[in-house]
Structures are given as C-alpha cells and as structure tokens.
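For reference, the structure is listed below as structure tokens.
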Amino acid sequence: MLLLNSRRIEKRSPFDICTLLNFSKGISIIFIFLVHYQMLGFGWQAVHLFIIFSGFCLTYSRLEKGNLPWQSWYFKRLRRILPTYFVVVIFGYFFVALLIMLRGASLLESLWMSKRTLLFDLSLLKNFSYEQISTFPNVSLWFIPFIISFYSIFPFLYQWMTQRRGAQHLLVVLISAIFIEIIFRASAIYWLDGKPIGYSGLESLFAENLFPTLALPFNKIPDSAAFPFQLEAPFGFFPSRIGEFAIGMVAAICYVANRDRFNRIVLSRQAGILGILIWLLANVLISTSFWGWVIGDLLIAVGLSLWVLGLARVAATQPIFSRFFGWMSQVGVFSYYIFLVHAIFIQVFIAFIESFAPEYISVWKLPLPNLIILAVMIALTAVASKLLQQFDRSKFTDWIMQQTFGRLLGVPATY
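Take 1 as the starting number for the sequence shown in full-length UniProt numbering and just add one per residue.
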C-alpha cells in the first residue's frame, strides 16, 4: 500500500491545486448553467472537469485520511449525493405535473402522465435507456447514476493504483484505463449507434456547415423500447469515461507524493497554453470523424482541466481578480446543489414559452429580455441551492440516511 508520511510536513506551494478546485468547480457549473440556458454551446464539456476532479478528490481524501472501511466510505458518498438528488427528482415531478395541468389535464391525469420519468429517476436506472437518460424537466440528473457507477469501481481502482510504488506502475494502470475507455466507446459508437452525451449540439456548432452527416450517429439498431441501451445510454456508465477518472486519481497520487513539483508543472503557464491547444484540437476531432468521438472526450477533459486550472491560478494570484476569485470559489462550494436544480427552472421556463407564448420566443432572445430572464433564473437557482444545502445539512437527513442506507451497509450511527 502506498504510504506517504512526508505529506504532513511538506510545505505547500503558493500555487496549490487544492486552493483552486472550488474556483474551477464554480467556472464549470457556470458553463453548464449557460449551455442549458442556450448561451454557451460548449458548456456541456464542463462535466469532464467534474469527472477528473471527482477522481482527484476521492483519491486525495483517501490518501490523507487513511483506510476508512469501505462500507463507511460508500455510506459517506451516498449521504453526500442521494438525499438532495431525491428531493430534486420529486420537486421536478410536481413541476411537470403542474405544466400538464395548465394544458387542461386533471391533477390525477397530470401525476399519472409523469410517473415513468419519476420511477426511472428514483430507481437510478435512467441511464439504461436512451429515452430516459436526459428527460424533462431536468436533463442534468443523468450524472448522478453515472458518478455512482464510478463509486462502484473506485475501491478496485484505488487498490490497483496504490498496491505498488513507482511511476511505471501508475502509468500501466492509467494506460489500461484509457484503453478500456477507447475500446468501450468505439464499441458503443460502431455497434450500439452510440452518441456521446452532449454531442447533440454539434450540428449547430460545426457539423451543419462543415460535416453535414457527422452530427448523427449510426442507425443500425431500430429506435425502440425493445433495445433502449443505444445512442446516449452507453455513455451513462463508468467505462465511457474511466480514463478521465483515472487521470484524476493518478494526479492525486502524484500530488501527495510531491506537491511542489506537481503544482509547478500542472499550474504552469506552459501547461495552461498546452491545455488550450489540446482542447481546441479535441473540438476539431469530435467534429470530423467518429474516431474523434472515441477519443474526443478524453482530450477535452485533459485540455479543459489544464486551462481552467491555469485561469484559476491567474485569478488567485492577481490582486485585481481577488474578489472574482472569492466569489467564483463560493459558487464552487454550491456547485452540486446548483447542478441539481438549475435545469428545472430553465427547462420549465423554455417549455412554458414554447407551449403558451411561442410568439415571445424571438423577444426572449433579444439582449435585454434575455439578460432579465437570465437574472431571474440565477436568482431562483441561488435560492433553491441554499434551501437544498440547508436540507442536506439537517439532522433529519442524517437520520433518514442512517435508517436506510446506514442499516443496509451496516454502518453505525454517528449523529
């Protein structure tokens, strides 16, 4: 097992990645918010940052805090994400029912018509079906069962990476994870009509003018409920991004081994510039060939991580950006809650306009009305995120989780 006792006395670099993570998460969630508000076409790519940061933070925490029993580790992770997830699922369900009622249906009819999405969301099975993976009113929820799939393999990956010392062993594990990702994605794209999550906007960004047919996946399998595991569905599980997650894990191990050296390399200006170049190359690749779809997400993750961390370093070290850094870092603290709730308000608003006032769609797109509505969406998201945080920190939530998952995993009560 990898034991690095020197980490307790090692002096941190003034440019330390751990001080920049919340800022980077804040930037990421802003990107995701804006892509759902239809203002930032590439904003979906910020999900890659959360994947790499998850691998980094989970591994770093494990290395720092020692060998917490895996049952307790699983309980802590589920306690972190599931209570607020279930609240948002139910909240969204009633939002949809309300919209259906506004169209003339009764209360019972509205609740019944929305049941399918509710059941898939509550059971965490939505990613098995291309029809359910990104459903109204909250397209973001696919990420929760997706990240839980990573939790299921994290103990194995962690033991594999830390059972032996040395860069050579880490490199072998990392290459193996990347190889698994490439093989899985190629199989999904060529055999399951796969289309990576987020690529639906390619036709409007690149493919419509340059490569008219690439925005569409293969169509070898009939689109039907008989075989729901196609299109985006295969990309809702860990094999499709295991290379990215492993990069975050390896980064954490390297960081703990030598923080100063890691920070000097990863947070250097050269790394930031390299990240921009890799990111631009990746965006070209996903717009030119299906093999670009196979490797594109991995390159986007690496490139975007490097240049966003570079941006965070600049904001943290330049006095002129100190307030911006502090504000964005606070947004990062709330990033999970924002991730859960923002799409509900945005999607319900868009659906309401399209259904009841389509003549105002062009007005909404004008600069001033657009900014006003954006401010309203931000305010609603901020209030809901704060309420969600308060619920998450309550004793009631602790009790519910202990009585359910705590008992299931055999974890003693701590509240």
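Note that beta-carbon positions come from the ideal geometry of N, C-alpha and C, so glycine has one too.
Bear in mind the structure is a predicted one, so any value in this text is a computation, not a measurement.
Asked                                                                                                                          : Found
Simplified DSSP assignment, three categories, for residue 17                                                                   : helix
Within-7 Å CB hit, residue 31 to chain C                                                                                       : Note that chain C does not occur in the displayed structure, where there is just one protein chain.
Beta-carbon proximity check, residue 248 vs residue 178, cutoff 7 Å                                                            : no
Neighbourhood of residue 116 by C-beta, 6 Å cutoff - its chain only, sequence neighbours within 5 removed                      : none
Three-way DSSP call (helix, strand, coil) for residue 193 in this model                                                        : coil
Residues near residue 43 in its chain [Cβ-Cβ closer than 6 Å; skip 5 each side]                                                : 31, 32, 34, 35
Environment of residue 245 [buried if 16+ CB atoms lie within 10 Å]                                                            : buried
Local conformation of residue 77 per DSSP, three classes                                                                       : helix
Cut-off 6 Å between Cβ atoms - residues of its own chain near residue 97, not counting five sequence neighbours on either side : 110, 111, 114
For residue 404, the nearest candidate out of 265, 258, 370, 78 (CA to CA)                                                     : 78
Cβ neighbour criterion (16 or more within 10 Å) applied to residue 166                                                         : exposed
CB-CB length for residue 48 against residue 260, believed under 8 Å                                                            : Actually they do not touch by this definition, with Cβ atoms about 27 Å apart.
Residue 414 burial status per 10 Å Cβ neighbour count (16 or more: buried)                                                     : exposed
Of the residues 304, 264, 388, the one placed nearest residue 82, counting alpha carbons only                                  : 388
At least 3 beta-carbon pairs within less than 8 Å: the stretch 354-372 vs the stretch 47-61                                    : no
Counted within 10 angstroms of its Cβ, other Cβ atoms place residue 416 as buried (16 or more) or exposed                      : What is shown of the chain runs 1 to 415, which leaves residue 416 out entirely.
Residue from 51, 17, 25, 59 with nearest C-alpha to residue 238                                                                : 51
Buried or exposed by the 16-neighbour rule on C-beta atoms within 10 Å, applied to residue 341                                 : buried
Cβ-Cβ distance between residue 140 and residue 343 below 7 Å                                                                   : yes
Residue ranges of each alpha helix (DSSP H) within the stretch 248-279, 4 or longer                                            : 259-266
Under the three-state DSSP convention, the category residue 41 falls into                                                      : coil
Under the three-state DSSP convention, the category residue 155 falls into                                                     : helix
Exposure label - residue 375; buried when at least 16 CB within 10 Å                                                           : exposed
Same chain, Cβ closer than 8 Å to residue 143, neighbours up to 5 away in sequence not counted                                 : 47, 50, 339
Length of the line joining the Cα atoms of residue 55 and residue 252                                                          : 8 Å
Residue range of the alpha helix (DSSP H) that includes residue 232                                                            : First-last for residue 232: undefined, no H or E at that position.
Rounded straight-line distance, which links the Cα of residue 75 to that of residue 397                                        : 13 Å
Three-way DSSP call (helix, strand, coil) for residue 198 in this model                                                        : coil
DSSP-derived helix/strand/coil call for residue 111                                                                            : helix
Cβ shell of residue 124 (< 6 Å), same chain only, five flanking positions each side left out                                   : 145
For residue 256 and residue 57, the rounded distance between their alpha carbons                                               : 11 Å
Bounding residues of the alpha helix (DSSP H) (the contiguous stretch that carries residue 364)                                : 361-364
Completely contained beta strand (DSSP E) runs for the stretch 299-328, where each covers 3 or more residues                   : none
At least three beta-carbon pairs within less than 8 Å, the stretch 269-280 to the stretch 182-189                              : no
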